[in-house]
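Peer 1: What follows is a single structure, and I will ask about it in a moment.
Structure, rendered in structure tokens:
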């Protein structure tokens with residue numbers, strides 16, 4: 076056998092990234108790279124950055140929960156990106172370096188990547204550079220990995236202490252965002268900083284040395300949300316195709332990254348107005364002469380609360396009621412189950428069902444969820460049956476949230492991944508409803 080040259084390296088996991096990036100000759104050099112971290116909103120921000128950059132003529136990659144997707148700048152991002160699943164929010168360091176090399180070979184000039192707290196602790200992004208880092212928010216998630224909220228928050232800080240980072244974009248409407256700004260002002264005073272907020276100047280005053288993006292006059296419309304934004308580059312009116320105030324917040328994060336890149340305000344606003352929801356993120360199905368079904372990945376108490384709040388506004392505008400169909404994953408943080416049940420009480424109708432029961436009994440997970448519910452609810456173990464029941468029973472002006480799975484194409488039961496898609500089942504149920512209406 077041929078002798079293969081080899082080196083002994085201490086702490087290989089930590090050094091695997093830099094080594095892989097070195098071997099592949101720094102594949103991200105010269106690329107505009109944005110890292111997005113936070114509990115909720117990472118996927119939407121990363122996918123929308125990809126859409127916006129492609130619309131502005133850059134071939135852009137998106138790496139995150141949905142896998143790896145590439146949007147061509149040639150067709151201004153018109154094509155649907157197809158995502159190749161990786162199974163993680165942030166792929167491991169060697170796979171990431173290889174992905175960047177593939178992107179470079181395809182003429183890629185920009186990258187938006189979700190950087191999970193677990194990925195930061197495990198050095199998955201080590202070796203690459205970031206031009207802009209975005210912080211969306213921080214709520215209870217992944218405590219089974221980090222142990223405490225403090226450890227979780229400390230993990231997210233790492234992205235903003237990255238060597239060579241050129242700009243930070245931070246949500247000022249989140250207490251952890253304000254703590255991050257204070258930390259950066261004190262320890263990294265040279266780092267350019269943009270804060271974004273939906274609050275008035277009285278509620279959230281300006282911050283010395285930071286650019287502020289402030290949204291006001293939010294109006295929910297059937298086609299999306301409109302608002303006015305004040306920026307250091309001027310004021311603009313924005314008409315988005317996005318549902319919910321928290322998506323206005325995410326849109327501001329995208330706008331902040333585009334302005335940090337040097338994109339003119341008008342062009343940046345045009346790109347934001349063209350954004351469409353990421354698969355399984357406030358994805359609308361039906362709604363014309365039938366209930367509006369909204370599919371969303373919300374699987375934390377905070378995300379579910381925000382999603383229900385956003386959809387309550389839509390339901391009121393439609394003159395209808397709000398339904399919530401959801402469950403909690405098996406073999407994961409059981410502490411959040413009754414919290415999820417309690418939050419679901421914001422809906423008029425609650426159906427508790429299965430969501431990846433894994434090795435646990437669906438009935439026992441449901442029992443823990445409904446312990447937090449102190450109003451009428453229905454428990455329907457089979458998710459397809461629950462979706463069909465909601466769609467057939469709801470009024471045509473009602474809004475039905477299918478929460479927790481989002482884009483996932485499977486249900487995980489007893490070690491097997493069974494094919495299952497909320498979007499497919501919602502479409503089937505709407506068709507069945509239509510047939511039922513015609514025959515009655």
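Numbering (this note's numbering), first residue to last: 76 to 515. We put the CB at the ideal spot given by N, CA and C, even for glycine.
1. By the DSSP assignment, the alpha helix (DSSP H) with residue 399 in it spans what residues?
2. Go ahead and label residue 510 buried or exposed: buried means 16 or more other beta carbons lie within 10 angstroms of its beta carbon, across all protein chains shown.
3. Which residue from 253, 325, 378 and 205 puts its Cα closest to that of residue 336?
4. In terms of residue numbering, what span does the alpha helix (DSSP H) encompassing residue 124 cover?
5. Go ahead and label residue 119 buried or exposed: buried means 16 or more other beta carbons lie within 10 angstroms of its beta carbon, across all protein chains shown.
6. Buried or exposed: residue 307, going by 16 or more other Cβ atoms within 10 Å of its Cβ?
7. Could you name each continuous alpha helix (DSSP H) segment of 4 residues or more that falls completely within the stretch 332-392, going from the start of the chain to the end?
8. From the beta carbon of residue 354, is the nearest beta carbon of chain D less than 8 Å away?
9. Which one of 445, 463, 282 and 378 has the shortest CA to CA distance from residue 409?
10. How many whole angstroms separate the CB atoms of residue 429 and residue 458, which I take to be in contact at a CB cut-off of 8 Å?
11. By the DSSP assignment, the beta strand (DSSP E) with residue 246 in it spans what residues?
12. Look up residue 468 in the DSSP assignment and say whether it is helix, strand or coil.
13. What are the boundary residues of the beta strand (DSSP E) that includes residue 291?
14. Nearest-angstrom Cα distance between residue 140 and residue 352?
15. Per the DSSP calculation, residue 94 is bridged to which residue(s)?
16. Leaving out five residues on either side along the sequence, give the residues of the same chain with a beta carbon under 7 Å from the beta carbon of residue 282.
17. Among all the DSSP beta bridges, which residues are the ones paired with residue 112?
18. Taking buried to mean at least 16 other C-beta atoms within 10 Å of its own C-beta, is residue 286 buried or exposed?
19. Helix or strand or just coil, what does DSSP make of residue 416?
20. In its own chain, which residues sit with a C-beta less than 8 Å from the C-beta of residue 455, not counting the 5 before and 5 after it?
21. Could you tell me whether the Cβ atoms of residue 151 and residue 182 are closer together than 8 Å?
22. From residue 450 to residue 293, what distance separates their C-alpha atoms?
23. Pick from 407, 126 and 500: whose alpha carbon is nearest that of residue 435?
24. Can you name the start and end residues of the alpha helix (DSSP H) that residue 312 belongs to?
25. Which one of 244, 303, 319 and 320 has the shortest CA to CA distance from residue 312?
26. When the Cα atoms are used, what is the spatial distance from residue 443 to residue 413?
27. Could you tell me which residues DSSP puts in a beta bridge with residue 143?
Peer 2: Here's the rundown:
1. Within the chain shown, the letter at position 324 stands for residue 399. Element bounds for residue 399: not the alpha helix (DSSP H) but the beta strand (DSSP E), 397-401.
2. The sequence position of residue 510 within the chain shown is 435, counting from 1. Classification of residue 510: exposed, given that the 10 Å Cβ count is below 16.
3. Numbered from 1 along the chain shown, position 261 holds the residue referred to as residue 336. The residue from 253, 325, 378 and 205 with its alpha-carbon nearest to that of residue 336 is 205.
4. Numbered from 1 along the chain shown, position 49 holds the residue referred to as residue 124. Unbroken alpha helix (DSSP H) run through residue 124: 117-130.
5. For the purposes of this step, residue 119 is taken as the residue at position 44 of the chain shown. So residue 119 counts as buried.
6. Here residue 307 corresponds to residue number 232 of the chain shown, with the count starting at 1. Residue 307 comes out exposed.
7. 340-348
8. The chain inventory of the structure shown lacks chain D, comprising one protein chain alone.
9. Within the chain shown, the letter at position 334 stands for residue 409. Residue 445 is the option with its Cα nearest to residue 409.
10. Taking the chain shown and counting its residues from 1, the one referred to as residue 429 is at position 354. Taking the chain shown and counting its residues from 1, the one referred to as residue 458 is at position 383. Residue 429 to residue 458, Cβ: 5 Å. Contact.
11. Taking the first residue of the chain shown as 1, we reach residue 246 at position 171. Taken as a continuous stretch (DSSP letters only), the beta strand (DSSP E) holding residue 246 covers 242-246.
12. As a first step, residue 468 is located in the chain shown; it is residue number 393 there, counting from the start. Reduced to three states, the DSSP call for residue 468 is helix.
13. By one-based count along the chain shown, residue 291 stands at place 216. Annotation for residue 291: the continuous beta strand (DSSP E) segment containing it runs 285-296.
14. Translated into the one-based positions of the chain shown, residue 140 becomes position 65. Translated into the one-based positions of the chain shown, residue 352 becomes position 277. Spanning the two alpha carbons is a distance of roughly 14 Å.
15. Taking the chain shown and counting its residues from 1, one reaches residue 94 at position 19. Looking at the DSSP assignment, residue 94 forms no beta bridge with any residue, so it has no partner.
16. Here residue 282 is taken as the residue at index 207 of the chain shown, counted from 1. The answer, listed in chain order, is 256 and 270.
17. For the purposes of this step, residue 112 is identified with residue 37 of the chain shown, where counting begins at 1. Note: residue 112 sits in a beta bridge opposite 210.
18. Within the chain shown, numbered from 1, the residue matching residue 286 stands at position 211. Buried: at least 16 other Cβ atoms inside 10 Å.
19. Counting from 1 along the chain shown, the entry for residue 416 is found at position 341. DSSP places residue 416 in helix when its eight states are reduced to three.
20. Along the chain shown, read from residue 1 onward, the residue named residue 455 stands at position 380. The residues are 426, 427, 428, 461 and 464.
21. For this step, residue 151 is matched to residue 76 along the chain shown. For this step, residue 182 is matched to residue 107 along the chain shown. The answer is no: Cβ separation not under 8 Å.
22. Here residue 450 refers to the residue found at position 375 when the chain shown is read from its first residue. Here residue 293 refers to the residue found at position 218 when the chain shown is read from its first residue. The alpha-carbon atoms of residue 450 and residue 293 are separated by roughly 32 Å.
23. For the purposes of this step, residue 435 is taken as the residue at position 360 of the chain shown. The candidate whose alpha carbon is nearest that of residue 435 is 407.
24. As a working note, residue 312 is residue 237 in the chain shown. No alpha helix (DSSP H) contains residue 312, which is instead part of the beta strand (DSSP E) from 309-314.
25. Taking the first residue of the chain shown as 1, we reach residue 312 at position 237. Closest by alpha carbon: 303.
26. The residue you call residue 443 lines up with position 368 of the chain shown. The residue you call residue 413 lines up with position 338 of the chain shown. Near 6 Å, if we compare the C-alpha coordinates of residue 413 and residue 443.
27. Counted from its first residue, the chain shown places residue 143 at position 68. 138 and 159, per the DSSP bridge assignment.
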